[in-house]
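In what follows, a structure is listed as structure tokens, so that the remarks can point back to it.
2 protein chains.
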Amino acid sequence: MEIKNDLLLRAATGVTTERVPVWMMRQAGRILPQYRALRAKMGSFKTLVKQPELACEVTIQPIDELAVDGAVIFSDILVISEAMHLDYEIIGGKGVYFPKTVATKQDIDQLEVVNDLEGIAYTIEAIKLVKRELAGKIPVIGFAGCPWTLFAYMTEGKGSKTFSKGRKMLYQAPEMAHELLEMITQSTIFYLKEQIKAGADIVQLFDSHAGMLSPKLFHHFALPYIRKICESITEVPIIVFAKGVGYAIESLNELPCQVLGLDWTMSPQNVRQRIGSSKSLQGNLDPCLLYANPTYIKKATTNMLDAFGYQKHIANLGHGLEPDTPLDNIKCFVDTVKEYQFAVM
Amino acid sequence: MEIKNDLLLRAATGVTTERVPVWMMRQAGRILPQYRALRAKMGSFKTLVKQPELACEVTIQPIDELAVDGAVIFSDILVISEAMHLDYEIIGGKGVYFPKTVATKQDIDQLEVVNDLEGIAYTIEAIKLVKRELAGKIPVIGFAGCPWTLFAYMTEGKGSKTFSKGRKMLYQAPEMAHELLEMITQSTIFYLKEQIKAGADIVQLFDSHAGMLSPKLFHHFALPYIRKICESITEVPIIVFAKGVGYAIESLNELPCQVLGLDWTMSPQNVRQRIGSSKSLQGNLDPCLLYANPTYIKKATTNMLDAFGYQKHIANLGHGLEPDTPLDNIKCFVDTVKEYQFAVM
Numbered sequence: 028m029e030i031k032n033d034l035l036l037r038a039a040t041g042v043t044t045e046r047v048p049v050w051m052m053r054q055a056g057r058i059l060p061q062y063r064a065l066r067a068k069m070g071s072f073k074t075l076v077k078q079p080e081l082a083c084e085v086t087i088q089p090i091d092e093l094a095v096d097g098a099v100i101f102s103d104i105l106v107i108s109e110a111m112h113l114d115y116e117i118i119g120g121k122g123v124y125f126p127k128t129v130a131t132k133q134d135i136d137q138l139e140v141v142n143d144l145e146g147i148a149y150t151i152e153a154i155k156l157v158k159r160e161l162a163g164k165i166p167v168i169g170f171a172g173c174p175w176t177l178f179a180y181m182t183e184g185k186g187s188k189t190f191s192k193g194r195k196m197l198y199q200a201p202e203m204a205h206e207l208l209e210m211i212t213q214s215t216i217f218y219l220k221e222q223i224k225a226g227a228d229i230v231q232l233f234d235s236h237a238g239m240l241s242p243k244l245f246h247h248f249a250l251p252y253i254r255k256i257c258e259s260i261t262e263v264p265i266i267v268f269a270k271g272v273g274y275a276i277e278s279l280n281e282l283p284c285q286v287l288g289l290d291w292t293m294s295p296q297n298v299r300q301r302i303g304s305s306k307s308l309q310g311n312l313d314p315c316l317l318y319a320n321p322t323y324i325k326k327a328t329t330n331m332l333d334a335f336g337y338q339k340h341i342a343n344l345g346h347g348l349e350p351d352t353p354l355d356n357i358k359c360f361v362d363t364v365k366e367y368q369f370a371v372m
Numbered sequence: 028m029e030i031k032n033d034l035l036l037r038a039a040t041g042v043t044t045e046r047v048p049v050w051m052m053r054q055a056g057r058i059l060p061q062y063r064a065l066r067a068k069m070g071s072f073k074t075l076v077k078q079p080e081l082a083c084e085v086t087i088q089p090i091d092e093l094a095v096d097g098a099v100i101f102s103d104i105l106v107i108s109e110a111m112h113l114d115y116e117i118i119g120g121k122g123v124y125f126p127k128t129v130a131t132k133q134d135i136d137q138l139e140v141v142n143d144l145e146g147i148a149y150t151i152e153a154i155k156l157v158k159r160e161l162a163g164k165i166p167v168i169g170f171a172g173c174p175w176t177l178f179a180y181m182t183e184g185k186g187s188k189t190f191s192k193g194r195k196m197l198y199q200a201p202e203m204a205h206e207l208l209e210m211i212t213q214s215t216i217f218y219l220k221e222q223i224k225a226g227a228d229i230v231q232l233f234d235s236h237a238g239m240l241s242p243k244l245f246h247h248f249a250l251p252y253i254r255k256i257c258e259s260i261t262e263v264p265i266i267v268f269a270k271g272v273g274y275a276i277e278s279l280n281e282l283p284c285q286v287l288g289l290d291w292t293m294s295p296q297n298v299r300q301r302i303g304s305s306k307s308l309q310g311n312l313d314p315c316l317l318y319a320n321p322t323y324i325k326k327a328t329t330n331m332l333d334a335f336g337y338q339k340h341i342a343n344l345g346h347g348l349e350p351d352t353p354l355d356n357i358k359c360f361v362d363t364v365k366e367y368q369f370a371v372m
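Going down the list, the sequences are from chains A and B.
So for the first sequence, the numbering used here puts the first residue at 28; every next one is plus one.
So for the second sequence, the numbering used here puts the first residue at 28; every next one is plus one.
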């Protein structure tokens, strides 16, 4: 199916664009009154994720409301751990909670590599519905968590400032850790290929907890599995978003992916200086900056666009939207990107 | 009082040492069976912090058990927010909790700058007791939180992966934020001067949540207040430990302090390359590495020592000890540092 507004795909693959495309991590969800109304009526976050029609509706909501250039599927990176038979819950106000965590070889032996649609069908179905409903208006963005980040949740069982249970396993039982990471990797490759078959035009890999690792651990337990995924997914462009590892940007640049996502602590100029111009970049406004007043948001967004240059850039935040971000401020960010004129043209 | 083992002070101030001194963040506390026994008998963490004789006992425990080269006072960075009249609690298994947080100008108006001993006397008294008991054996290390990190706790009210309430205030109400940061700064300067009068031979500033800030916010709301503290504390050497801001090492190098603490994501060689040799460095083994086996710990510690070079280095971890670290592994780290032979000598 031909995509009418393909700015996102062109920017991702280094083809010239007449303006910078824009979307936001967590654009589908709590920031929108439409979502909050739907959730009040239909139940929990997981209920919405697990019912394809509702997940499709939530995915489309920001497209209508914000006019962004990509539709990221409403789902969760933990779909994969659940499909591997490790359940999770989302507890209101507290976040992720796993009733059971992975601590031993026996725990790993009870998990299964995802190699059929059971356990992931609801998200795959949601992508098909979104694809049909958008009818080629804009690209559909699929996503998955990176193996280390999923590993961190599966071992810790909840959010953490340090994810020290996972890091402990990397040091104490590296072979066991590699086994679990490999299982997650294979599951993720299968999952992403199904997302692409269902209609995802581009996919993003989230390594949200990469920054907890020492450089040695990152290069040994995180990066090789990201590479494996990138090598297996050749159908569509890939965005790799590894948070908190600005020091490793040169290594990330060697991945066979098209786009690197930057968090809000990384300087676009510094990154360009270090990696050259071969890859496209995505990011990276501080999500909390959208709490400021519109004049300030406009100025900061313009500065960000200047810093990235005019091509090979997908405008986004440096992390997910905060749930209570004022909608007008989000619109101000999107509109500023869309109205931005390339000074050189 | 003359200090018999002054390796730590010499390394901090760039004077040649015959071996690398070593201490560890959180060496006083839960890692030691002696501490756990005392706490089971005497009550909560705060009870121990608030009774000078007990805080002194806990401070001394690792000196006897681990033979480290510095005695860091058993206390908490939140002593200052409580002394400013914002109480905190430590909830078992959950961490820090503030019954009331700072959100408005009215909240700030109810706080007071610390300018007398009320509210800090128990820690000051503990330092005096430690100083007397050590009788010059090794230096006493005082400490305080940096203004941004205290601000982050006082606005968020608990631990957080993002501290977005604090960042929100920086963007929405920068003048109000500056007012609170200035109050914390003045309180901290008073507190540190009292620590030094009581016997602290060196002090460390912890900016544990620096890494949550964009570079612009860090340079605007964190660094200037650290600078102000460093400019006011001229009596003893200062260690500045700003976690998660490897990108800002050049800016940190311009602070009027003697030592920069590195977290476990920073490469010592890279830091030396960027800032030259004027400052001493502290750090930076991944605390989770102490879960590995002794052979691995020994190798990694030796590699770390090689990476820092032989002088102007205070061996430490890149963050606080994890509570369940095996004691033998901690000893292996300390002993490896103490037995390390300078290859060039």
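Using N, Cα and C, we set each Cβ at its ideal position, and we do this for glycine too.
This structure is a prediction, so every number in the text was calculated from the model and none was measured.
In the DSSP assignment, find the alpha helix (DSSP H) that holds residue i and state where it starts and stops.
| i | result |
| --- | --- |
| A:Gly193 | 191-199 |
| A:Val123 | Not the alpha helix (DSSP H): A:Val123 falls in the beta strand (DSSP E), residues 122-124. |
| B:Ala82 | 79-93 |
For the putative contact between residue i and residue j, defined by C-beta atoms under 8 Å, what is the C-beta separation to the nearest angstrom?
| i | j | result |
| --- | --- | --- |
| A:Gly273 | A:Thr292 | 6 Å |
| A:Asp234 | A:Ile256 | 11 Å between Cβ atoms; not a contact. |
| B:Thr40 | B:Gln199 | In fact, because the Cβ distance is near 42 Å, the residues do not count as touching under 8 Å. |
| B:Ala275 | B:Pro251 | Contact flag wrong, Cβ pair sits at about 13 Å. |
| B:Phe190 | B:Ala179 | 4 Å |
| B:Ala130 | B:Thr182 | 7 Å |
| B:His112 | B:Gln78 | With a Cβ gap of about 21 Å, B:His112 and B:Gln78 do not count as contacting. |
| A:Tyr381 | A:Val47 | The question about residue 381 of chain A has no answer, for chain A in this structure spans 28 to 372. |
Leaving out the 5 sequence neighbours to the left and right, which residues in its chain are closer than 6 Å to residue i when beta-carbon positions are compared?
| i | result |
| --- | --- |
| A:Pro314 | Leu344, His346, Leu348, Glu349 |
| B:Leu197 | Ala204, Leu244, Phe248 |
| A:Met28 | Gly163 |
| B:Gly56 | Tyr62 |
| A:Leu316 | Ala327 |
| B:Arg37 | Thr44 |
| A:Pro174 | Leu208, Ile211, Thr212, Tyr252 |
| A:Val167 | Ala98, Val157, Lys158, Gly226, Ala227, Asp228 |
| A:Tyr149 | Lys77, Pro79 |
By Cβ distance below 8 Å, which residues in the same chain neighbour residue i in space, the five residues on each side in sequence not counted?
| i | result |
| --- | --- |
| A:Val95 | Val49, Trp50, Met51, Gln54, Pro89, Ile165, Val361 |
| A:Leu81 | Leu65, Met69, Thr74, Leu75 |
At 7 Å on the CB atoms, spell out the chain A contacts of residue i, in chain order.
| i | result |
| --- | --- |
| B:Pro242 | Thr292, Ser294 |
| B:Lys188 | Gly186, Lys188 |
Can you tell me whether residue i is buried or exposed? The criterion is at least 16 other CB atoms within 10 Å of its CB, across all chains shown.
| i | result |
| --- | --- |
| B:Leu354 | exposed |
| B:Pro283 | exposed |
| A:Met372 | For A:Met372, the predicted model reports a pLDDT of 47, less than 50, meaning its position is unreliable and no value from the coordinates is stated. |
| A:Glu221 | buried |
| B:Lys224 | exposed |
| B:Thr322 | exposed |
| B:Gln296 | exposed |
| B:Ala342 | buried |
| A:Glu84 | buried |
| B:Pro126 | exposed |
| B:Pro60 | exposed |
| A:Ser305 | exposed |
Using a cut-off of 7 Å between C-beta atoms, extract the partners of residue i located in chain B.
| i | result |
| --- | --- |
| A:Gln199 | Tyr318, Ala319 |
| A:Glu349 | Ser191 |
| A:Cys359 | Near A:Cys359 there are no residues of chain B at all, since even the closest Cβ is about 13 Å away, more than 7 Å. |
| A:Lys195 | Cys315, Tyr318 |
Which residue marks the beginning of the beta strand (DSSP E) containing residue i, and which one marks its end?
| i | result |
| --- | --- |
| A:Ile266 | 265-269 |
| B:Asp234 | 229-234 |
| A:Gln309 | 307-312 |
| A:Glu116 | 116-118 |
| A:Ala55 | That residue, A:Ala55, is in no beta strand (DSSP E); it is neither H nor E in DSSP. |
| A:Phe170 | 167-172 |
Report the neighbours of residue i on chain A: residues whose CB is nearer than 8 Å to its CB, in chain order.
| i | result |
| --- | --- |
| B:Gly273 | Gly273, Tyr274 |
| B:Asp362 | Here the premise fails: no neighbours, minimum Cβ distance about 19 Å. |
Would you mind telling me which residues of chain B sit closer than 8 Å to residue i, beta carbon to beta carbon, in chain order?
| i | result |
| --- | --- |
| A:Gly238 | Gly238, Gly271, Thr292 |
| A:Lys121 | In chain order: nothing, as chain B lies at least about 10 Å away. |
Identify, in the order they occur along the chain, each residue of the same chain with its Cβ nearer than 7 Å to the Cβ of residue i, setting aside the five sequence neighbours on each side.
| i | result |
| --- | --- |
| A:Ile147 | Val106, Ala110, Val141, Tyr218, Glu221 |
| B:Gly186 | Gly122, Val123 |
| B:Ile302 | Ile276, Glu277, Asn280 |
| B:Val25 | Within the shown structure, residues of chain B are numbered from 28 to 372, placing residue 25 of chain B beyond reach of any answer. |
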